[in-house]
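**Student:** After the structure tokens below, expect a handful of questions from me.
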Amino acid sequence: MTVYFIGAGPGAADLITIRGRDRLAACGLVLYPGSMTPTDLLEHCSPQAMLTDTAGLNLDQIAEILINAETDVARLCSGDPSLYSAVAEQMRRLDAAGVPYEVIPGVPAFAAAAAVLKRELTVPEVGQSLVITRAQARSTAMPAGEDLATFARTGTTLALHLAINRLDHLVEELVPHYGPDCPVAVVALASQPGEVILRGTLTTISEQVSAAGVTRAAMIFVGKVLAAEGFPDSFLYSTTRDRQSQPESL
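Numbering (this note's numbering), first residue to last: 34 to 283.
Structure, rendered in structure tokens:
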């Protein structure tokens with residue numbers, strides 16, 4: 034028996050990886066977060082598989098199911114397991130119990146949202162870094178030094194998870210560092226039915242979000258890359274680049 038932590042992607046059933054889809058179809062037990070898993074994604078499961086919604090379960094109950102399973106288990110995680118998926122504590126329990134597991138990556142929410150916006154998040158001479166973080170509310174405390182103001186002082190492009198219901202507070206924190214006219218984009222339910230795309234600035238975005246009724250499953254981006262124009266072409270494909278002397282691996 035093996036537990037497979039599978040990144041389910043941002044929502045659309047066809048945005049799960051081929052490996053994730055195939056492993057999901059082969060497992061006899063599937064654990065999924067019901068509040069975040071579209072029904073059509075579960076159509077990849079075997080008709081004989083037992084499906085368990087973990088929305089009403091605590092960590093100990095989930096771990097008990099994983100440890101005591103007598104068949105391969107697919108543990109679906111929304112987005113990618115490496116980000117805000119709570120798999121670290123599940124893997125810790127499996128390690129202690131000697132249960133083998135594998136992690137299969139998925140399309141993260143921020144990548145799906147950027148695709149919907151048709152924006153590259155690393156634009157030459159505008160922004161080459163991305164900070165992926167979240168807001169502090171009714172959740173695990175942020176480590177020292179990872180507060181939003183510290184990140185904002187760098188001026189780096191921000192990708193904010195789990196923050197839509199704290200937007201007014203975030204705007205107050207960010208305006209002193211990015212300016213009131215800094216571009217902002219909000220994408221809710223990226224790749225899913227009901228997808229919402231909002232573009233504005235730190236001055237206007239709160240009103241837009243309120244008017245659209247967006248309260249969950251939303252990514253917030255802040256940074257100049259969202260409205261970048263007239264930037265130089267990347268050196269990657271530049272005509273001035275010496276390709277003859279490049280190593281074969283490049």
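Every residue, glycine too, gets a C-beta built ideally from N, C-alpha and C.
A quick note: this is a predicted structure, and the numbers were derived from the prediction, not measured.
Are the beta-carbon atoms belonging to Gly139 and Gly42 less than 8 Å from one another?
**Tutor:** With contacts defined by Cβ atoms closer than 8 Å, Gly139 and Gly42 form a contacting pair.
**Student:** In whole angstroms, give me the CA-to-CA distance for Val36 and Thr166.
**Tutor:** 28 Å
**Student:** From the DSSP output, read off the bridge partner residues of Glu135.
**Tutor:** By DSSP's assignment, Glu135 forms a beta bridge with Tyr37.
**Student:** May I ask you to report which of helix, strand or coil DSSP gives Asp65?
**Tutor:** The sequence as given places Tyr at residue 65; Asp does not occur at that position. Three-state result, Tyr65: strand.
**Student:** State the CB to CB distance for the pair Leu191 and Phe254, rounded to an integer number of angstroms; the pair is presumed to be in contact (CB under 8 Å).
**Tutor:** 7 Å
**Student:** Taking 8 Å as the limit between beta carbons, can you name the residues of its chain near Leu109, skipping five residues before and five after?
**Tutor:** Ile39, Ala41, Leu57, Val63, Leu64, Tyr65, Pro66, Thr70, Leu74
**Student:** For Glu179, which residues of its own chain have a beta-carbon under 8 Å away from its beta-carbon, when the five flanking residues on both sides are left out?
**Tutor:** Thr166
**Student:** Tell me the rounded alpha-carbon separation between His194 and Ala185.
**Tutor:** 15 Å
**Student:** Given a threshold of 16 other Cβ atoms within 10 Å of its Cβ, counted over all protein chains shown, does Phe264 qualify as buried or as exposed?
**Tutor:** exposed
**Student:** Determine the burial state of Ser162: buried for a count of at least 16 other Cβ atoms within 10 Å of its Cβ, exposed for fewer.
**Tutor:** exposed
**Student:** Measuring from the CB of Val217, is there a heavy atom of the ligand ZN at a distance below 7 Å?
**Tutor:** The ligand ZN is not part of this structure, which contains no ligands at all.
**Student:** Our contact map puts Leu150 next to Val220 with C-beta atoms below 8 Å; I'd like the distance itself, whole angstroms only.
**Tutor:** 6 Å
**Student:** Assess contact between the stretch 92 to 105 and the stretch 120 to 137, defined as three or more Cβ pairs (one per stretch) separated by less than 8 Å. Is contact present?
**Tutor:** yes
**Student:** By Cβ distance below 6 Å, which residues in the same chain neighbour Gly89 in space, the five residues on each side in sequence not counted?
**Tutor:** Excluding residues within five positions, none has a Cβ falling inside 6 Å.
**Student:** Mapping DSSP to helix, strand and coil, what is Arg232?
**Tutor:** Arg232: strand per DSSP, three-state reduction.
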